[in-house]
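Below: one structure, written as structure tokens.
Number of protein chains: 2
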Amino acid sequence: MPISMSSASLPIFRTMLSNLSHILDKGVAHAQVRKFDPQVLAADRLAPDMLPLTRQIQIACDAAKNGVARLSGVQAPRFEDNETTFEELKARIAKTLAWLDTVPPAQLDGTEDKEITFPVGRETTRTMKGEAYLKHWVLPNLFFHVTTAYAILRHNGVELGKSDYLVGPQ
Amino acid sequence: MPISMSSASLPIFRTMLSNLSHILDKGVAHAQVRKFDPQVLAADRLAPDMLPLTRQIQIACDAAKNGVARLSGVQAPRFEDNETTFEELKARIAKTLAWLDTVPPAQLDGTEDKEITFPVGRETTRTMKGEAYLKHWVLPNLFFHVTTAYAILRHNGVELGKSDYLVGPQ
């Protein structure tokens, strides 16, 4: 049976956000073992003009949340982007996962050709059909920010392997 | 119309591998402007026990190539993993893209429930159904290695933005 829009989105979003939460746990555990404040990791970035770990988590959550909201037409809650601690970041992921669970998959199905207009930067928008929007915008963005969060922690010595990135309910 | 297995894979693979080639171009251009040998970037990694840029490119190519080969049953060419220069890495991507173009999409379609057994590490294998294999193994791996390649270059000062990662024929 061909893949529905809900099946091409929700299970991937759930798995990757759950894995992201697991990756954060490993960051906290590493800081505890090495006896440093995990906040150092939360504020770290791979380049001075790249976003820090906190923003990577917020944007990964929003990639999934806004993608599902725009496709399904179900209004998503607005989050304040005020998380600074690992505990708050994990709560942000949990809130996003909980909201995803409230969206009826049937609201996503059949949106392959729905015109989706979304902001790109602060002043422009872009319009894509639902299927292209999912495949060429939402998914690449979600994976980008999950992988970058992983990379920031890995670069700081956190013991992570590919299995931490791929782990989770599948 | 629900998404076919070919549509859920080939266009994403083509876009992301093309973007990866574009990202490498920016790495070379940066090295030329700063007058250093681009080989320094090719051998760089984000952590001492992480894979260098060369391997990120090779594995990104193989994620797409092996994924399509296993799903479609079309035999893929074997590449030697002997690339060291940016020119060779770009040729590896081009060879992979050229091979993807030879695979009839119809050979991928209908493989949602096909049992796919694939190596995980050197001594074990895993079996997943085609749709889950694509969504929870091939796609996450492809995006992981493209993003990590981007991160290695970005960490080294190459002027890359999200649009370089998302650019390309969509």
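Protein sequence lines correspond, in order, to chains A and B.
For the first sequence, this note's numbering assigns the number 26 to the initial residue and increments by one for each residue that follows.
For the second sequence, this note's numbering assigns the number 26 to the initial residue and increments by one for each residue that follows.
Note that beta-carbon positions come from the ideal geometry of N, C-alpha and C, so glycine has one too.
All values reported here derive from a predicted model rather than from experimental measurement.
Assigned secondary structure, residue i (DSSP; H/G/I helix, E/B strand, else coil)
i        : result
A:Tyr121 : The residue asked about is misnamed: residue 121 of chain A is Thr in this sequence, not Tyr. If DSSP states are grouped into helix, strand and coil, A:Thr121 belongs with the helices.
A:Lys51  : helix
A:Glu184 : coil
Range covered by the beta strand (DSSP E) that runs through residue i
i        : result
A:Thr173 : A:Thr173 -> not in any beta strand (DSSP E); alpha helix (DSSP H) instead, spanning Leu164 to His180.
A:Arg151 : Thr149 to Lys154
A:Val145 : Glu140 to Val145
Best match in the options for proximity to residue i [C-alpha to C-alpha]
i        : options                                 : result
A:Tyr190 : B:His170, B:Ala174 and B:Ile82          : B:His170
B:Leu185 : A:Leu45, A:Pro73 and A:Gln64            : A:Pro73
B:Ile177 : B:Pro27, B:Leu78 and B:Leu45            : B:Leu78
B:Met41  : B:Thr152, B:Glu137 and B:Leu125         : B:Leu125
A:Arg103 : A:Lys120, A:Thr110 and A:Ser31          : A:Lys120
A:Asp43  : A:Val53, A:Gly52, A:Lys115 and A:Leu66  : In the sequence on display, residue 43 of chain A carries Ser and not Asp. Taking only the C-alpha atoms, the option nearest A:Ser43 is A:Lys115.
A:Leu25  : A:Met26, A:Thr109, A:Leu35 and A:Ala68  : Residue 25 of chain A is absent from the structure shown; chain A starts at 26 and stops at 195.
A:Glu137 : A:Ile48, A:Tyr158, A:Ala88 and A:Phe168 : A:Tyr158
B:Arg179 : B:Ser29, B:Asp69 and B:Lys60            : B:Asp69
A:Gln132 : A:Ala94, A:Thr152 and A:Ser188          : A:Ala94
A:Lys187 : B:Leu76, B:Lys60, B:Asp50 and B:Val192  : B:Leu76
Element boundaries [alpha helix (DSSP H), containing residue i]
i        : result
A:Ile84  : Leu78 to Ser97
B:Leu64  : The sequence shown places Gln at residue 64 of chain B, rather than the Leu named in the question. Taken as a continuous stretch (DSSP letters only), the alpha helix (DSSP H) holding B:Gln64 covers Gln64 to Ala67.
B:Ala131 : Pro130 to Leu133
Residue i versus residue j: straight-line alpha-carbon distance, rounded
i        : j        : result
B:Gln83  : A:Val128 : 38 Å
B:Lys90  : B:Arg39  : 11 Å
B:Glu140 : B:Gly92  : 13 Å
A:Ala85  : A:Pro165 : 10 Å
A:Ser32  : B:Gly155 : 13 Å
A:Gln81  : A:Leu71  : 11 Å
A:Ser46  : A:Phe111 : 9 Å
A:Pro144 : A:Trp162 : 12 Å
B:Ala101 : A:Ile37  : 27 Å
A:Ile105 : A:Glu113 : The residue asked about is misnamed: residue 105 of chain A is Glu in this sequence, not Ile. So the two alpha carbons sit approximately 11 Å from each other.
A:Asp62  : B:Ala174 : 29 Å
A:Gln57  : B:Gly146 : 30 Å
A:Met26  : B:Pro27  : 9 Å
B:Thr149 : B:Leu122 : 28 Å
B:Val99  : B:Gly52  : 33 Å
A:Thr109 : A:Gln64  : 8 Å
A:Val183 : A:Ala54  : 9 Å
B:Ala9   : A:Pro130 : Absent from the model: residue 9 of chain B. The displayed extent of chain B is 26 to 195, so no value can be given.
B:Ser29  : A:Arg117 : 33 Å
A:Ile48  : B:Met153 : 24 Å
B:Gly135 : B:Lys160 : 15 Å
A:Thr142 : A:Leu167 : 18 Å
B:Val192 : B:Thr172 : 13 Å
B:Asn107 : A:Asp87  : 39 Å
B:Asp50  : B:Asn181 : 14 Å
B:Arg59  : A:Arg59  : 37 Å
B:Arg151 : A:Arg151 : 40 Å
Distance cut-off 7 Å: residue i Cβ against heavy atoms of the ligand MG
i       : result
B:Thr79 : As presented, the structure is devoid of all ligands, the ligand MG included, so that no description of it is given.
| task | May I ask you to list, following chain order, the residues of the stretch 87 to 105 of chain A that have a beta carbon less than 7 Å from some beta carbon of chain B? | result | Listed by position along the chain: nothing, the set is empty.
| When Cβ atoms are compared, which residues of the stretch 67 to 81 of chain A fall closer than 7 Å to chain B? | For the stretch 67 to 81 of chain A, which is checked against every Cβ of chain B, the residues closer than 7 Å are Leu71, Ala72 and Met75.
| task | With 8 Å as the C-beta to C-beta threshold (strictly closer), list the residues of the stretch 40 to 55 of chain A near chain B in chain order. | result | Close to chain B, meaning a Cβ-Cβ distance shorter than 8 Å, are the following residues of the stretch 40 to 55 of chain A: Thr40 and Met41.
| said: What are the residues in the stretch 141 to 165 of chain A lying within 8 Å of chain B by C-beta distance? | reply: Identification of residues in the stretch 141 to 165 of chain A having a C-beta nearer than 8 Å to some C-beta of chain B yields Met153, Glu156, Ala157, Lys160, His161, Trp162, Leu164 and Pro165, given in sequence order.
| query | Taking any Cβ of chain A, which residues in the stretch 117 to 131 of chain B have a Cβ under 7 Å from it, in chain order? | reply | Residues: none.
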